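Which chain is which? The protein sequence lines are A and B, in order. Here this note's numbering runs 85 ahead of the position in the first sequence, where the first position is 1. Here this note's numbering runs 85 ahead of the position in the second sequence, where the first position is 1. Even for Gly, the Cβ is constructed at its ideal location relative to N, Cα and C. If you're wondering where the values come from, they're calculated on a predicted model, not measured in any experiment. What follows is a single structure, written as structure tokens, with notes after it.
There are 2 protein chains.
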Amino acid sequence: MSPSSTLAYQTHNHHQCIDGALREARKLCQQHGVRLTEQRETVLKLVWQSHQPMGAYDLLEQLPAGRNGRKPAPTTVYRALDFLREHGLVHRLDSLNAYIGCPHPGQHHDGVFLICRQCSRVQELSGDAVRQSLQPHLADQGFSPDDFRMEVPGICPRCRQQTGATA
Amino acid sequence: MSPSSTLAYQTHNHHQCIDGALREARKLCQQHGVRLTEQRETVLKLVWQSHQPMGAYDLLEQLPAGRNGRKPAPTTVYRALDFLREHGLVHRLDSLNAYIGCPHPGQHHDGVFLICRQCSRVQELSGDAVRQSLQPHLADQGFSPDDFRMEVPGICPRCRQQTGATA
DNA sequence: CAAAGCAATGTTATATTGTTACATTATAAC
DNA sequence: GTTATAATGTAACAATATAACATTGCTTTG
């Protein structure tokens, strides 16, 4: 696991996160034989501007106007997000209607997302433990899962320190 | 765990599910000292008409007109759903923007929701196993979780039999 | 290179889901 | 009964997402 994947709740040089994400993205798209166009890369950069998930319309607002000088329409950003999600570069957080960059694209597509309800920063963990623990119960039910994504709201270490919250 | 909580993917007398849910709801509301008004009960019944989650506007369509003969507004159904959720009688499935009755209200508020992508029926399991398996990793991160709800899309035993799907 | 075919983007309109604010009515407490 | 509070009605609107069709731009191949 790359170092950048455990940094959401620590001070770190975020440029490295961004650069790493873009490098990974270019590599993966080349491997998959698909095009990381300028717009797609722009949206990916916008998603990666922080470890906080971004709404589609927030991203839209930040997209630069096209050559005609007009602001892009929602479709634009949704298409870019669809592409990035198909190739595992971005995740959608259903509990927030928001999107966040994947710190280790191409490795596994499951994941546990720790979402701080205070600062809204998100840390992605591997979903392996959850999958393991769940598998026997699913077998009991005869249920065949597609994936094991999970969103866990709570308080991150940083915010707990600052506010003194204990729960 | 009551028998009704393991029946979503089996043929069963669904009236028992409905009756049980209403009985439980009345009991719980009395215990909590809150009012299960007619509208709230109506919405709860509508949610429980099947093991398939219902969208808020689907519920709204089925709500009877008031004494003035006019159809209720969205607020109406959202308020009822908010109430039912606050008291653990109904869950919201974020991945579907839809609502489903809780088969064991008042027991635990976590849960794993198996969602069949074919028939869209939902089976709720206990979230204990998931919580257990995740706890050490959360401790590693210093993260204090609020809850452990999880939505797992997949294929239920019934649909797998019918379609021969293997994955 | 030119033309064809396909991928990506532009454009417009609309669907779906959910909320805010304020008025009115019903229930409970005194 | 009167008052306080909870519940519901009503109207407008905000936020998120999709559909349908036109246009532009790559890229492949003759």
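So which residues on chain B does residue i lean against when the C-beta distance must stay under 8 Å?
{"i": "P149 of chain A", "result": "Within chain B, no residue comes near P149 of chain A; the closest Cβ sits about 31 Å away, beyond 8 Å."}
{"i": "P197 of chain A", "result": "A small correction: the amino acid at residue 197 of chain A is Val; Pro does not occupy that position in the sequence shown. Those within 8 Å of V197 of chain A in chain B are L219 and H222."}
{"i": "V215 of chain A", "result": "V215, S218, L219 and M235"}
{"i": "R245 of chain A", "result": "G227 and S229"}
Less than 6 Å between C-beta atoms, sequence neighbours within five positions excluded: which residues of the same chain meet that for residue i?
{"i": "M86 of chain A", "result": "With a pLDDT of 45 at M86 of chain A, under the threshold of 50, the predicted position of this residue should be treated as unreliable, and no value is reported."}
{"i": "E109 of chain A", "result": "P190"}
Tell me which residues share the same chain as residue i and place their Cβ nearer than 8 Å to its Cβ, disregarding the 5 neighbours each side in the sequence.
{"i": "L144 of chain B", "result": "V128, L131, V132, V162, L166 and Y184"}
{"i": "C114 of chain B", "result": "R120, L121 and H172"}
{"i": "D213 of chain B", "result": "H193 and D195"}
I want to verify the contact list: residues of chain A whose CB lies under 9 Å from the CB of residue i, in sequence order.
{"i": "G239 of chain B", "result": "L223, F228, S229, P230, D231 and D232"}
{"i": "R202 of chain B", "result": "D231"}
{"i": "Q208 of chain B", "result": "Q226 and F228"}
Starting from residue i, follow its DSSP beta bridges and name the residues at the other end.
{"i": "E209 of chain A", "result": "A:F198"}
{"i": "G239 of chain A", "result": "A:C201 and B:P230"}
{"i": "G118 of chain A", "result": "None; G118 of chain A has no bridge partner."}
{"i": "H176 of chain A", "result": "A:I185"}
Can you give me the C-alpha to C-alpha distance between residue i and residue j, rounded to a whole angstrom?
{"i": "L210 of chain A", "j": "G196 of chain A", "result": "6 Å"}
{"i": "G151 of chain A", "j": "T160 of chain A", "result": "14 Å"}
{"i": "E236 of chain A", "j": "L181 of chain B", "result": "14 Å"}
{"i": "R177 of chain A", "j": "N153 of chain B", "result": "43 Å"}
{"i": "C204 of chain A", "j": "P188 of chain A", "result": "19 Å"}
{"i": "Q217 of chain A", "j": "L223 of chain A", "result": "10 Å"}
{"i": "S89 of chain B", "j": "R111 of chain A", "result": "Bear in mind that a pLDDT of 44 at S89 of chain B, under 50, signals an unreliable position, so the number given afterwards is only what the model happens to contain. Straight-line Cα distance between these residues: approximately 50 Å."}
{"i": "Q137 of chain A", "j": "V207 of chain A", "result": "6 Å"}
{"i": "Q101 of chain B", "j": "I103 of chain A", "result": "55 Å"}
{"i": "E126 of chain B", "j": "H194 of chain B", "result": "20 Å"}
{"i": "V175 of chain A", "j": "L169 of chain A", "result": "6 Å"}
{"i": "S135 of chain B", "j": "G186 of chain B", "result": "9 Å"}
{"i": "Q246 of chain B", "j": "Q226 of chain A", "result": "13 Å"}
{"i": "L92 of chain A", "j": "F233 of chain A", "result": "22 Å"}
{"i": "V215 of chain A", "j": "Q124 of chain A", "result": "35 Å"}
{"i": "Y142 of chain A", "j": "N98 of chain B", "result": "46 Å"}
{"i": "L199 of chain A", "j": "L219 of chain B", "result": "11 Å"}
{"i": "L107 of chain B", "j": "T96 of chain A", "result": "51 Å"}
{"i": "G105 of chain B", "j": "P221 of chain A", "result": "28 Å"}
{"i": "R179 of chain B", "j": "K156 of chain A", "result": "This sequence places Asp at residue 179 of chain B; Arg is not what is there. Roughly 30 Å separates the two Cα atoms."}
{"i": "P149 of chain B", "j": "G118 of chain A", "result": "54 Å"}
{"i": "R164 of chain B", "j": "P238 of chain A", "result": "23 Å"}
{"i": "A158 of chain A", "j": "Q116 of chain A", "result": "30 Å"}
{"i": "F228 of chain A", "j": "T248 of chain A", "result": "42 Å"}
Closer than 9 Å by beta-carbon distance: list the chain B residues that pair up with residue i, in chain order.
{"i": "P242 of chain A", "result": "Q226, G227, F228 and S229"}
For residue i, go through chain A and note every residue whose CB falls closer than 8 Å to its CB, in chain order.
{"i": "S180 of chain B", "result": "D179"}
Excluding sequence positions up to five away, which residues of its chain have a Cβ less than 7 Å from the Cβ of residue i?
{"i": "I240 of chain B", "result": "C201, R202, Q203 and A250"}
{"i": "Y94 of chain B", "result": "R206, Q208, C241, P242 and R243"}
{"i": "Q147 of chain A", "result": "L131"}
{"i": "G140 of chain A", "result": "N182 and A183"}
{"i": "P230 of chain A", "result": "L223"}
The ligand FMN and residue i: does any heavy atom of the ligand fall closer than 7 Å to the residue's C-beta?
{"i": "R170 of chain B", "result": "Absence of the ligand FMN from the depicted structure is noted, as is the absence of any ligand whatsoever, leaving it without description."}
Discussion item. To be precise: take each residue of the segment 92 to 104 of chain A, compare its Cβ to all Cβ atoms of chain B, and keep it if any distance is under 8 Å. Which residues remain?
Written reply: When CB distances to chain B are screened at a threshold of 8 Å, the residues of the segment 92 to 104 of chain A falling below it are Y94, in chain order.
Fill in: Positions along the segment 104 to 135 of chain B whose CB lies within less than 7 Å of some CB in chain A
Across the segment 104 to 135 of chain B, no CB contact with chain A closer than 7 Å is found for any residue.
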